[in-house]
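Presented below is the structure to which this report refers.
Protein chains: 2
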Amino acid sequence: MPEDSKLAVTEALRAAILAGEYVPNQRLVEVDLCERFGTSRFILRTALQDLAAQGLVEFQHNRGARVREVSLAEAIEITEVRILLEGMLAARAAERVTKSDIAMLRGLVREMRAAMAKSELLTYSDLNARLHAAIRDIAAHETASRLLRQLRDQTVRHQFSLALVPGRPAVSLPQHEAIVAAITGREPAEAQRAMHTHLQSVIEAFRALTVATMPR
Amino acid sequence: MPEDSKLAVTEALRAAILAGEYVPNQRLVEVDLCERFGTSRFILRTALQDLAAQGLVEFQHNRGARVREVSLAEAIEITEVRILLEGMLAARAAERVTKSDIAMLRGLVREMRAAMAKSELLTYSDLNARLHAAIRDIAAHETASRLLRQLRDQTVRHQFSLALVPGRPAVSLPQHEAIVAAITGREPAEAQRAMHTHLQSVIEAFRALTVATMPR
DNA sequence: CCACTCACTAATGTCAACAATTTCGTCGTC
DNA sequence: GACGACGAAATTGTTGACATTAGTGAGTGG
Numbered sequence: 011m012p013e014d015s016k017l018a019v020t021e022a023l024r025a026a027i028l029a030g031e032y033v034p035n036q037r038l039v040e041v042d043l044c045e046r047f048g049t050s051r052f053i054l055r056t057a058l059q060d061l062a063a064q065g066l067v068e069f070q071h072n073r074g075a076r077v078r079e080v081s082l083a084e085a086i087e088i089t090e091v092r093i094l095l096e097g098m099l100a101a102r103a104a105e106r107v108t109k110s111d112i113a114m115l116r117g118l119v120r121e122m123r124a125a126m127a128k129s130e131l132l133t134y135s136d137l138n139a140r141l142h143a144a145i146r147d148i149a150a151h152e153t154a155s156r157l158l159r160q161l162r163d164q165t166v167r168h169q170f171s172l173a174l175v176p177g178r179p180a181v182s183l184p185q186h187e188a189i190v191a192a193i194t195g196r197e198p199a200e201a202q203r204a205m206h207t208h209l210q211s212v213i214e215a216f217r218a219l220t221v222a223t224m225p226r
Numbered sequence: 011m012p013e014d015s016k017l018a019v020t021e022a023l024r025a026a027i028l029a030g031e032y033v034p035n036q037r038l039v040e041v042d043l044c045e046r047f048g049t050s051r052f053i054l055r056t057a058l059q060d061l062a063a064q065g066l067v068e069f070q071h072n073r074g075a076r077v078r079e080v081s082l083a084e085a086i087e088i089t090e091v092r093i094l095l096e097g098m099l100a101a102r103a104a105e106r107v108t109k110s111d112i113a114m115l116r117g118l119v120r121e122m123r124a125a126m127a128k129s130e131l132l133t134y135s136d137l138n139a140r141l142h143a144a145i146r147d148i149a150a151h152e153t154a155s156r157l158l159r160q161l162r163d164q165t166v167r168h169q170f171s172l173a174l175v176p177g178r179p180a181v182s183l184p185q186h187e188a189i190v191a192a193i194t195g196r197e198p199a200e201a202q203r204a205m206h207t208h209l210q211s212v213i214e215a216f217r218a219l220t221v222a223t224m225p226r
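Protein chains in written order, with our numbering: chain A, 11 to 226; chain B, 11 to 226.
Now the structure itself:
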């Protein structure tokens, strides 16, 4: 498989980092990764460089690659940008949404309600990601989608710790319902506003985490 | 200088592409570039990969690297994102602007007026870039600035052809004046609105270019 | 005269070995 | 016992060579 092995390795490594198998600041020793993914140092190095360009890992000269640590402050900055991009995408989605899209969005919301009722936090978190992805796809804005993926990858760790906050779904579910209602109702301005409200509450949750975890 | 030669080569190559020394779809033959920049294929390859990650060049398997062609449609998408990011930065700049910032901004506007009066299009275009950079610096939003740099690099060619449109400065100068007035007046909402108006007019200029150049 | 094949060239993708640097453990000294 | 110099192991950065593949042009057959 020397065909597109580089891409495969890149994606596998990205998945491993996003899954938390390598934690921030952990050194990524090339030979170990080569063994794990069954590839050569050359291929692995290109993969590392790609991920470095996307801000997932960082290089230190003569000290190799580490998983990049994204501070909470930076996560807030990133979410501020997400507010803008996802707000626009929500508005566009409201303009372009089709009948089948509407059915899919409502299905997702239904599943989210069920997951919350059963307190399945991980399921809820996954559905959350799928809902945002669905809105991206409907909006069909290549540039914004590409940037959002980068930003989301960088904050996935914080996103995760947020998902485990006990009362979190109870706060975010009605917000998601409002977003979907506006999109399915084809109200762009309202969809954008609802998305702003939602992500603004994510920022506030981050801020709460900051004060909650700092005093330790 | 094997120290940070990779970064130096990357920047040199980036500058060359942005300067138009290599045109879209032109093949970037590694050996030639090595000779030009006095470096090895290995270093040059990492530089190419970096620029590929930033969307300036693209790789085709077994066919090496080419300067990536950014269509006018994509340039419009990119500008749509710039509207959001630069709008936020303008608002933030209005909140954080200092006395010395104000003097600098007004100085830039003064120079732009002079350049327009003398019809020095290239000077005006350069001042335009410096004004936007100044606003970025004042806003101090690392994430947004990083993304904007990528986006701007990708559209520099279109930006350039726009700068050469005869009546263009006459349209954009008052818009720039309005932006600076709002920032120096510490009016965030107004600064954001003025920036939106400005970049929206850039999009419309792009659209005009589309119909102007297509029928040939 | 055209189309097709085939070798030849040029350029890229990959590798394995080498050099340089950091890291870590050991030893000696104070 | 602690601290610092020294040296070996581990790890990364780089090089040059090799394999593979697209591009090209001559030559041949129809």
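From the three backbone atoms N, C-alpha and C, an ideal C-beta is built for every residue, glycine too.
Does any heavy atom of the ligand ZN sit closer than 7 Å to the C-beta of residue i?
i: Ala-215(B); result: The ligand ZN is absent from the structure shown, which contains no ligands of any kind.
Given residue i, which residues of its chain have a CB within under 7 Å of its CB, disregarding the five upstream and five downstream residues?
i: Ile-148(B); result: Ala-103, Arg-106, Val-107 and Asp-111
i: Ile-189(B); result: Ala-100, Ala-201, Ala-204, Met-205 and His-208
i: Leu-82(A); result: His-168, Phe-216, Leu-219 and Thr-220
i: Ile-88(A); result: Leu-161, Gln-164 and Thr-165
i: Gln-36(A); result: Arg-76 and Val-77
i: Ala-154(A); result: Leu-95, Met-98 and Leu-99
i: Ile-53(A); result: Ser-15, Lys-16 and Val-19
i: Ser-50(A); result: Cys-44
i: Pro-198(A); result: Ala-101, Ala-104 and Glu-105
i: Met-11(B); result: Only weak support is given to the placement of Met-11(B): the predicted model assigns it a pLDDT of 43, under 50, and the value that follows is read from those uncertain coordinates. Counting only Cβ-Cβ distances below 7 Å, and skipping sequence neighbours, we find nothing.
i: Ala-85(B); result: Thr-165, His-168 and Phe-216
Just the chain A side, please: which residues come within less than 9 Å of residue i by C-beta, in chain order?
i: Glu-87(B); result: His-151, Glu-152, Thr-153 and Ala-154
Please go through the same chain and pick out, in chain order, the residues whose beta-carbon is closer than 6 Å to the beta-carbon of residue i, but skip the five residues on each side of it.
i: Pro-179(A); result: Met-126 and Tyr-134
i: Phe-69(B); result: Ala-62 and Ala-75
i: Arg-121(B); result: Correcting the residue type first, residue 121(B) is Glu in the shown sequence and not Arg. Here the set comprises Leu-137.
i: Ile-193(A); result: Ala-103, Ala-104, Val-107 and Ala-201
i: Leu-23(A); result: Ala-57
i: Arg-46(B); result: none
i: Arg-226(B); result: Only weak support exists for where Arg-226(B) lies, its pLDDT of 46 falling under 50; the value from the coordinates is given anyway. Cβ within range, chain order: n/a, list empty.
Based on DSSP bridge pairs, tell me the residues matched to residue i.
i: Gly-74(A); result: Gln-70(A)
i: Leu-38(B); result: Ala-75(B)
For the alpha helix (DSSP H) that contains residue i, what are its first and last residues?
i: Gln-164(B); result: 152-173
i: Val-33(B); result: No alpha helix (DSSP H) contains Val-33(B), which DSSP labels as neither H nor E.
i: Pro-7(B); result: No answer is possible for residue 7(B): it lies beyond the span of chain B, which begins at 11 and ends at 226.
i: Gln-59(B); result: 51-63
i: His-128(B); result: First, the residue type needs correcting, since residue 128(B) is Lys and not His in the sequence shown. Premise fails: Lys-128(B) is in no alpha helix (DSSP H) and is neither H nor E.
i: Val-107(B); result: Counting along the chain, Val-107(B) falls outside any alpha helix (DSSP H), and DSSP gives it neither H nor E.
i: Glu-21(A); result: 15-28
For residue i, which residues in chain A fall below 8 Å Cβ to Cβ?
i: Leu-95(B); result: Val-91 and Leu-94
Below 7 Å on C-beta distance, what does residue i contact in chain B?
i: Thr-56(A); result: Gln-59
i: Met-98(A); result: Leu-94
Could you name the residues of the same chain whose beta carbon sits closer than 8 Å to that of residue i, not counting the 5 residues immediately before and after it, in chain order?
i: Ile-27(A); result: Leu-61, Leu-66, Val-67 and Val-77
i: Glu-187(A); result: Val-119
i: Leu-172(A); result: Arg-178, Val-212, Ala-215, Phe-216 and Leu-219
i: Glu-79(B); result: Pro-34 and Asn-35
Handout entry: Interface positions of the stretch 58-91 of chain B facing chain A (Cβ-Cβ less than 9 Å), listed along the chain
Key = Gln-59, Asp-60, Ala-62, Ala-63, Gln-64, Gly-65, His-71, Glu-84, Glu-87, Ile-88, Glu-90 and Val-91
Problem - Selection of the stretch 30-47 of chain A by Cβ proximity to chain B, strictly under 8 Å - result: none
Handout entry: Contacting positions in the stretch 197-213 of chain B - beta carbon closer than 8 Å to chain A
Key = none
Handout entry: Where the stretch 153-173 of chain B meets chain A: residues whose CB sits under 8 Å from a CB there
Key = Thr-153, Ala-154, Leu-157 and Leu-161
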